[in-house]
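Chains as they are written, first to last, in the working numbering: chain Y, 1 to 492; chain F, 493 to 1114; chain V, 1115 to 1276; chain Z, 1277 to 1378. Each remark here refers to the structure printed beneath this line.
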Amino acid sequence: MVFSFIVIPLLVAAIMPLLGKISKKLIPDVLTNAALAFLLLNSILLIKPIFNQGSIIQNISWMGEKVNLQIALDSFNLFMLFTISLVSLAISLFSIDYLEHYGHKANFYALLLVMIAGMNGLVLVPDLFSIYLFLEVAAVASYALVAFGLGYDELEASFKYLMLSAVASAFALLSITIIFGMTSSLNFQDVARGLQDLSARYVIGVCLAFFIMGFGLKAALVPFHAWLPDAHPSAPAPISAMLSGLLIKVSGVYALFRIIYSVIGMTPVMSQVLMALGTISMVVAAFLALGQKDIKRMLAYSSISQVGYIVLGLAIGTPLGIAGGLFHLFNHAVAKGLLFLNSGSIQHITGTRNLEELGGLGKRVPLTAGTNLVGSLSIAGVPPLAGFWSKLVIIMALIQAKQMGYALIAILASILTLWYYLLIQRRAFFGQMNEKWSHIKEAPFWMSAANVILALICILVGIFFTPVFKTWISPAAEALARGVQQVMMWGI
Amino acid sequence: MTAMTLLWPIIFPAAVAILFFLIPTRVRFVREVLAVISSTVLLYLGFALFSLKELSLTTNWLGMGINFDLRLYHFSAFILLALSGFLFLICLYSTVKMKDHPRVREYYGYVFLAAAFSNGAVLSNNFILLIFFWEALLITTYALVTIGLKPTSHRTAVKSLIIGGFCDFSMILGIGLLWASTGTLTMNQVHVEPHGLAVAAFILMMIGAIGKAGAMPFHTWIPDAALDAPVTFMAFMPASFEKLLGIYLLARISLDFFQLKVGSSMAMVLMIIGAATIVLAVFMALIQKDFKKLLSFHAISQVGYMILGIGTAIPIGIAGGIFHMINHAMYKTGLFLSSGSVEHRAGTTELKKLGGLAREMPWTAFGFSVCALAISGVWPLNGFVSKEMVFHGALETGYPIFAIAAWVGAIFTFASFLKAGHSVFFGPRSTEIPKTKESEAPIVLPILILAALCITFGVYNKLPLQNFIQPILSGQAEAQGSLDLTTHALNLFNPVAGVSILCLIIALGIHFYGWNRGGKKAYLASEPIHQLIGLKQLYNLSEARFFDLYEQGVKFLQWLARILFQFIDRPIDFIYEKVITAIGRSLTGLLQKAHNGQYANYLAWTIGGLLVVIWIILQLLR
Amino acid sequence: MIIQIILLVGLVIFAGLAILAKDLLKAALSLAVASLFLGIIFFRLSAPYAGVFEISVVAGLITVLFALTISLTRKNDQVQEARLVKIAFPLFFILFLIIDGLVMKSLLLKVPALPAGPEAGTFGQVLWKQRTFDLIAQIGVILAGVLAVLALFRKKEEDKDE
Amino acid sequence: MSNLWFLYLFFSALLIFIGIYCLLTMRNLIKLFIAIEIISKGVSLALVATGAVQHTILLAQSLVITYIVVEVSLVATALALIINIYKKNKSLDVRLLSKLKG
């Protein structure tokens, strides 16, 4: 049942602080992982009905009363749901061991679950205002999670993140208000129909600009990105993975493109603006990543750069481009989740994240080094890993759309990406072994397990790229590409 | 045999590679046996597939014209056979040479992985598939260079990756352009008249192909790798596999996809690149002091002949280019392997320290000599035949300048190999090296096999030319033109061959002139005296003069070579190392400075960004 | 209408005071007064529940929270604001006033809108039946807020036991 | 769209401007957060005014109430953060929060 994606995490989160009093570790660990595993299973079970029906609209009545709990699920949402469930399960597995030295596991898991509930809700609701609301649910939880360590860096990063995203979501809500004013409705379907009848190009243009700022800040598009390189590295590693892997994509990319495709309708102007923004992010952040000494900060900048790729792909507007963007979204979620978790392993093992202090770890911690290599190469777009295919599809789509300039920049940026990922590899794992690290041990079981699972996904998706792409990504891309028509069909 | 057989050359080595990764490093023997057996199987597979000639496998894959499409025909079968042959020889050689290497486990894994990817690249009949295998080869190259375990290995590996990455990505762009203009991704359906957008596609794809083959200016990592990577890698990748693949693709591009016309601007581009590569790289080879580095510059120089041959767009030239490709792979692999044999026994490859090893290592010396004569184009070895064909082709285009460049290249190729052979195997026995003996059979055998092949392909040149090369060109001949490529293969009595032989004589003259004038006596006599105090300075002086005199005949050329080295080769390195890196760094610094951590600053960007976006959207809507 | 405009102007004035006041407590109180004005505006726009909420929650609860924070952080001296900021504020404010006025004037009657049908039912029905999902999201937000505060104010000593 | 709507939007834009001006120039963390509050007042004013003008006031009203709940939650989190920062820093100056950069 689709509704469980929102209710179960919220319920578990609500009882978690109480259970935390009884058992500090075991029950929160088991319960959280069980809940997330259930969600993953649930999302897999939903695949078949979605393929058969195309989309599911559920209206739920509550205690016999007819209430408006409408959930709309098409291949695009399902794709996002699956990504969220998969990555968050790996992250919570990782947390079992990682959170040992933070303490307060119950509280941590509760916040994590609220954030997941927020993201699931954001993905499922077909309503503009509800999108905003669930965005805030996930955001409030993420502010607290970024600051969870209560260190100086964490607090500073969290404060900046909060202040910037509060402004951004205010603008997004303002834009929703204007659309609400014009169409007198908030439901995707009605709004889409209303906007088709109205001819309000300029107003829609301004609304779009507000959306781009509001959701673009969540997605960390340059120049709205400045909070990310502070917030993501400061958070505990699982949260960095969560933020970089999922939150920026769900509350930024998903929300923006859902509204653009399914409500406003994609136009060439929007496509142009978004492609330019995506490209700027891609290039600027890649250069910034090159200069970093902190692994996590480098990864954070790389997230901005890769979100640039995703936005570039989605903004092309052709089915191939959307498919490439979505595929890259998935690959990046998995690989960046992996890399951030891995950086957590490194920090756990050595106590530092500074690339200049690390070196020659590869011999001592083969699992961590190997999974890091897989993740890095996947994001850098090296075959036969998953990231290569998605970048290739994006570049092909750009060429197909006759956007040679963008294709060229995308190619050059991917060389830059390769460059800084090789930098991590060389400094951290290969090269001269720093004497300090001659007695280190491999990361604990669950941390390594989470890394290995995600690395395997990177490899398997790369090798079985065809079935994955055909059965999984293409339908989602088609659902999105049909856009406004698809949404207007929902009610019928 | 069913079409599924085509999957074997890809899946089998990949599976073997995985097996290699799984075998622990401590287990010895098994690895070597497995390598030899599985490469033998591959060789058999190569022969079996070669006998089939025509086979294709098409599976619907991604839709949108992206199919899993493998196609075996005479050209790809020929390359496939050659690849598996070289793989076999190198495996045989590695059993001894790489036995005690600390990373031997990964070495074999990557070698077989590279073989799998190369086979895939040769067989693929769909551009996307080709890109996949082509790109994947970068990784194996990268990994194999790092296996050198020298301090600078990693740097060189990154260099190869970046340069290779650039070439590959430009190829992707070229393929994209081609796709945009033809609408198909199936390789044997693409035939384009080269004009308009297709010219750009051609140039971009050509960069991809010649970048893989290692032509100028994408060569700079190869000489570095000669010192930093294992010598088996040099024989494996830059000498044989990458040449075969790069030239194969170049031939496909210029014969199938674009149908190059004689004297067209694109053909000229190719010929200029070819000629420049021949001349510039050979000058650099001349002044090298290290055996392997010298060979690596020749590996670059010889690519020039192939590109020049294909660039002529005349059947005999193209055939010469392709024939030169296979010949080059043979003798250059042989040369690298013999340098490895020397390194194996003598422990060094510096020319200064080596000398007179022929007595102790007769088989290696013999193999080296045959290969060196072949690369220099001495009658009746295979190098002579293919170079003659390229000369003829170059002359027939009506631009004799290219033939002259090729001849100049031939002179100095021979001169530098005389120098190398003379100082390594012949001449006085070097005292710096302890007494040694011939390398083990698995090392010598591949060298001798290659030397024998060099002789066979030279003397019985009808065999390869009619069996391998002619079918490839069958579509290229003019309606009436005969396609007998063997007409002037070994003919000594025509003006072109005359000039070539004259070139060889000049080279011989240059060498012996220099050797006789300065060094002969001093070089022979000086070794025992070298140890005496007082005479040391004198010796040093004479040694300095020796080098001075040796190069006196080519003083001008040496100067020229230096200049070229400084101004042609180095700038490319300079651009790679200094300009790109520096620009990147300063841009990074600037951007990093902008992120000063102040909240107001970040908010200002956000608000500014919003205003700019609004403004742009309103402008665009107008 | 006039009253409405007076209220709006009052809202803006108190908002301005809230950021210009030197004393933080006064600033927080000005914010509360601004909320009060906003609540009355809501009320007059026939949104009585929203007005009540605005006055009780924002003017009441949030002001209390602000006051609490201010008293907790009062020990050391205040942060010195740049003097130019306050002098420049009226300048920028008037500038923006003009721009805002011009933009709004140019937009007058330019924004198309669909006519909405008359709303059926009562406020309660709309809130509970039409916007049920928002209630769930509210639960989520409240939960997130509570958990956030719990996480941020957890005792440090407890960490060491774990 | 009636003229009245633009009057309200005019004032709500003023409120948002005041908030952003404060965010850009002021240094006290609490002041900055007051500015966020002012921005959200502007947004809720726009929301209710839209409802009133479009005769969808019941809907707008429920939205605003939800929005106020979000606001409370945000305020609680932010003030908790500010208090924690104050404990670490002994100051409320935003300029000190620039350790993370580059």
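Glycine is no exception: its CB is placed at the ideal position from the N, C-alpha and C atoms.
Give every residue of the same chain whose Cβ lies closer than 7 angstroms to the Cβ of residue i, excluding the five residues on either side of it in the sequence, and list them in chain order.
i	result
A479 of chain Y	D74, S75, F76, Q486
Q972 of chain F	Confidence at Q972 of chain F is low in this model, with a pLDDT of 43, below 50, so the placement of that residue is unreliable and no value is reported for it.
A1164 of chain V	F1156
I1306 of chain Z	I1358, L1368
S568 of chain F	V614, L615
M817 of chain F	K735, L736, I739, M798
F876 of chain F	G869, V870, G950
F860 of chain F	L827, S830, G913, F917
R1371 of chain Z	R1303
From which residue to which residue does the alpha helix (DSSP H) around residue i run?
i	result
R193 of chain Y	188-197
I745 of chain F	Where I745 of chain F is concerned, there is no enclosing alpha helix (DSSP H), given that its DSSP letter is neither H nor E.
L564 of chain F	L564 of chain F -> not in any alpha helix (DSSP H); beta strand (DSSP E) instead, spanning 558-564.
D29 of chain Y	26-45
E100 of chain Y	No alpha helix (DSSP H) contains E100 of chain Y, which DSSP labels as neither H nor E.
W855 of chain F	854-868
G1165 of chain V	1162-1167
M1218 of chain V	1197-1221
T889 of chain F	First-last for T889 of chain F: undefined, no H or E at that position.
How would you write the range of the beta strand (DSSP E) that residue i sits in, first residue to last?
i	result
L526 of chain F	Where L526 of chain F is concerned, there is no enclosing beta strand (DSSP E), although the alpha helix (DSSP H) it sits in stretches over 522-544.
R647 of chain F	Unbroken run through R647 of chain F is the alpha helix (DSSP H), 645-674; no beta strand (DSSP E).
Does the beta-carbon distance from residue i to residue j come in below 8 angstroms?
i	j	result
K927 of chain F	H1003 of chain F	no
L145 of chain Y	I8 of chain Y	no
I204 of chain Y	S271 of chain Y	no
G832 of chain F	V723 of chain F	yes
I702 of chain F	F694 of chain F	no
F1282 of chain Z	L1221 of chain V	yes
I623 of chain F	R595 of chain F	no
P854 of chain F	S788 of chain F	no
I424 of chain Y	A410 of chain Y	no
G700 of chain F	I399 of chain Y	no
Among residues of its own chain, excluding the 5 on either side of residue i, which ones have a beta-carbon nearer than 8 angstroms to its beta-carbon?
i	result
S281 of chain Y	A220, L221, V222, H225, I304, S305, V307, G308, V311
I440 of chain Y	I349, T350, L361, R364, V365
Spatial neighbours of residue i within its chain, please: C-beta separation below 6 angstroms, excluding the five flanking residues on both sides.
i	result
I322 of chain Y	L314, A477, L480, A481
E1019 of chain F	Because the pLDDT at E1019 of chain F is just 32, under 50, the model does not fix this residue reliably, and the point stays unresolved.
S378 of chain Y	A335, L385, A386, G387, C458
L290 of chain Y	Y420
T517 of chain F	R597
N1032 of chain F	With a pLDDT of 47 at N1032 of chain F, under the threshold of 50, the modelled position of that residue is not reliable, and no figure is offered here.
K1028 of chain F	Bear in mind that a pLDDT of 47 at K1028 of chain F, under 50, signals an unreliable position, so the number given afterwards is only what the model happens to contain. Within the same chain, K1028 of chain F has no close Cβ partners at all.
E1271 of chain V	Note on E1271 of chain V: pLDDT 45, under 50, position unreliable in the model; the coordinate value appears next. Within the same chain, E1271 of chain V has no close Cβ partners at all.
L1016 of chain F	Caution is warranted here: a pLDDT of 31 is assigned to L1016 of chain F, below 50, making its placement in the model unreliable, and no coordinate value can be reported.
* Segments of 4+ residues assigned as alpha helix (DSSP H) that fall wholly inside the segment 279-359 of chain Y -> 295-316, 319-350
* Asked: In chain order, which beta strand (DSSP E) runs of at least 3 residues are fully inside the segment 144-189 of chain Y?
  -> none
* Would the segment 360-380 of chain Y and the segment 125-134 of chain Y be scored as touching if the rule is three or more Cβ pairs under 8 angstroms? -> no
* Three or more C-beta pairs below 8 angstroms linking the segment 1208-1219 of chain V and the segment 1285-1305 of chain Z -> yes
* Can you find at least 3 beta carbon pairs, one from the segment 244-259 of chain Y and one from the segment 1120-1139 of chain V, that sit closer than 8 angstroms? -> no
* Could you say if the segment 642-654 of chain F and the segment 597-608 of chain F meet the contact criterion of at least three C-beta pairs nearer than 8 angstroms? => no
* Asked: With contact counted as at least three CB pairs below 8 angstroms, one residue from each stretch, are the segment 800-807 of chain F and the segment 711-731 of chain F in contact?
  -> no
* Are there three or more Cβ pairs, one per stretch, closer than 8 angstroms when the segment 1098-1105 of chain F is compared with the segment 445-452 of chain Y? -> no
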